[in-house]
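Reviewing the structure listed below.
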Amino acid sequence: MAYSGYGVTPELTEVADPVCPADGVVIAIGATGVCRSDWHAWQGHDPVALPHIGGHEFAGVVAATGPEVTRWQAGDRVTVPFACGCGQCAYCLAGDAQVCPRQTQPGFTGPGAFAELVAVHAADANLVSVPSSVDFVTAACLGCRFATAFRAVTAHGRVRAGDWLAVHGCGGVGLSAVMIGSALGARVVAVDVAPAALDAARALGAEVTVDAGAGGDLPAAVGEITGDGAHVSIDALGSAAVAANSVRCLRRRGRHIQVGLLPEGSVPLPMDLVIAREIEIYGSHGMAARDYPAMMRLVADGTLRPGLLVGDVIALEDTGRALAAMSEVSATAGMTVVRLAA
Ligand SMILES: [Zn+2]
Ligand SMILES: [Zn+2]
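Under our numbering, the first residue of the sequence shown is numbered 480, with each subsequent residue one higher.
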């Protein structure tokens, strides 16, 4: 599904098969998630080379491998993080491809996965094995919001059973964090202004929900619920007010994780509290392939159920309609996934 210009409806087009990179693979797509980032690129907020094929949250089967690939072969079931590392720099070699300065993103820096085939570079560094018990629609949900939430909750948040976890903003990333936190035994306080988002958070395991639109002092409310503030607090929305509130919701030695992107750029945080309470502040940007197996095990054994976040499953030719629908609604009822193969 390619679009010739920003905002122009993507059309099913016949294009040349992607060339397999020497260090990469070509993947036959099983399923691809439709993400708000795809919509932003389509709208021209995030410039891409036109005509463009979007789609960055995908899973499928290796169809071809380059001569330098050692870990993968045709027929392997795989997925990839939404940002792929170069596989060669110091960050990639340390397992931190999520911050590789030369990262590529199929669907943004090159043709994406709203297609039958997609090429991925540095396959040994970027591919993740998908067990046969995890279907492609579920695996396609993992690469972007779910992996980002998993890393925020586990690697940065270091959430333990019984800890209070506050999640601000219950969209895709926030609801993923709610599910992951509660599955790991945390007591989750979910914050949003939309009643439907709070209902969804409760269904996914939030113990308490707070309507941030009701007015009042949000950090005080969270403090009252949790006794002394949350152990971990995540801004999954991305705004100056939410980020500052997230820090204020923390107890001493608490951890704030900024996941929501901040379109306004630099935002002030209450650094006086950061000092007085010895608060830790993290930014979280996706998750490298190296860290996927721990998450994949919890998906395979049913501890985590990302499939619950899926809304509509559609055909490839309906991708344009799904993107257009994102112009109308801001909060999604569930993630839309394009399915090409079982
Ligand atoms: Zn790198
Ligand atoms: Zn995405």
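Yeah, the Cβ is synthetic: ideal placement off N, Cα and C, and Gly gets one too.
Item                                                                                                                                                                                               : Value
Considering only residues of the same chain and omitting the five flanking positions on each side of G486, which have a CB-CB separation below 8 Å?                                                : W521, Q522, G523
Once DSSP output is grouped into helix, strand and coil, what is the label at E796?                                                                                                                : helix
Would you check if the distance between the CB atom of C649 and the CB atom of L788 is smaller than 8 Å?                                                                                           : no
Cβ atoms of V498 and A598: under 8 Å apart, would you say?                                                                                                                                         : yes
Between C563 and ligand 2, is the CB less than 7 Å from at least one heavy atom?                                                                                                                   : no
Can you confirm whether the stretch 757-767 touches the stretch 493-507 when touching is taken to mean that 3 or more C-beta pairs between the two stretches lie within less than 8 Å?             : no
Could you tell me which uninterrupted alpha helix (DSSP H) segments, each at least 4 residues in length, are contained entirely in the stretch 693-733, listed from first to last along the chain? : 697-705, 719-727
In angstroms, rounded to a whole number, what distance separates the CA positions of P590 and M774?                                                                                                : 27 Å
Quick one: is G822 buried, meaning 16 or more other Cβ sit within 10 Å of its Cβ, or exposed?                                                                                                      : As shown, the chain starts at 480 and ends at 821. That puts residue 822 outside it, with no answer to give.
W518 lies in the alpha helix (DSSP H); which residues open and close that run?                                                                                                                     : 515-521
Please report the distance separating the alpha-carbon of A634 from that of E493.                                                                                                                  : 42 Å
On the criterion of 16 or more Cβ atoms from any shown chain inside 10 Å, does M750 qualify as buried, or is it exposed?                                                                           : exposed
If you drop the 5 nearest sequence neighbours on each side, which residues of the same chain put their C-beta closer than 8 Å to that of A680?                                                     : V646, C649, G653, L654, V657, V667, A669, D671, T688
Let me know the secondary structure DSSP gives M766 once reduced to three states.                                                                                                                  : coil
Please return the same chain residues whose Cβ sits closer than 6 Å to the Cβ of A543, not counting the five positions on each side in sequence.                                                   : C499, V505
Determine the extent of the beta strand (DSSP E) in which L596 is found, giving its start and end residues.                                                                                        : 596-599
Could you name the residues of the same chain whose beta carbon sits closer than 7 Å to that of V624, not counting the 5 residues immediately before and after it, in chain order?                 : Looking at the sequence itself, residue 624 is Arg, so the reference to Val does not match. Correct list, in chain order: G651, V652, S655.
Given 7 Å as the limit, tell me if R624 has its C-beta closer than that to any heavy atom belonging to ligand 2.                                                                                   : yes
Alpha carbon to alpha carbon, how far is L644 from A821?                                                                                                                                           : 36 Å
Quick one, which of S608, L748, G586, A767 has its alpha-carbon nearest H535's?                                                                                                                    : G586
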